[in-house]
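What follows is a single structure, written as structure tokens, with notes after it.
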Amino acid sequence: MSKIHVKKGDEVVVLAGAEKGKRGKIIAVSPKKNRAIVEGLKLIKRHTRKSADHPQGAIVEREGTIHLSNLMKAEQFDAKHGKAEPAPA
Numbered sequence: 322m323s324k325i326h327v328k329k330g331d332e333v334v335v336l337a338g339a340e341k342g343k344r345g346k347i348i349a350v351s352p353k354k355n356r357a358i359v360e361g362l363k364l365i366k367r368h369t370r371k372s373a374d375h376p377q378g379a380i381v382e383r384e385g386t387i388h389l390s391n392l393m394k395a396e397q398f399d400a401k402h403g404k405a406e407p408a409p410a
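Take our numbering: the final residue in the sequence shown is number 410, and no numbers are missing along the way.
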């Protein structure tokens, strides 16, 4: 099993796919599947059954997973692409 280069709470940039160039914070990492859930990215619609919370059932929008090979830490990305840190106000 290879070492994972990102962990929960890291700020990351998506390198490939429909969400390319977008940034977000990692919510969860699944090492067995080599995937991570990034806050606000790759939103999917999940159809839920009737329950006490949703008596009619519902269509809930939530984050999907992104493969780890398509993610890079934001500070590493900025250093590699010559982008300066924004000055603190």
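From the three backbone atoms N, C-alpha and C, an ideal C-beta is built for every residue, glycine too.
- Annotation: residue 355 to residue 323 spans about 10 Å, alpha carbon to alpha carbon.
- Residue 351 carries a strand assignment under DSSP once its states are collapsed to helix, strand and coil.
- One thing to note: residue 382 has its Cβ within 7 Å of the Cβ of residue 366.
- Burial state of residue 357 is buried, judged by a 10 Å Cβ sphere holding 16 or more other Cβ atoms.
- Counting along the chain, no alpha helix (DSSP H) covers residue 363, and no H or E run does either.
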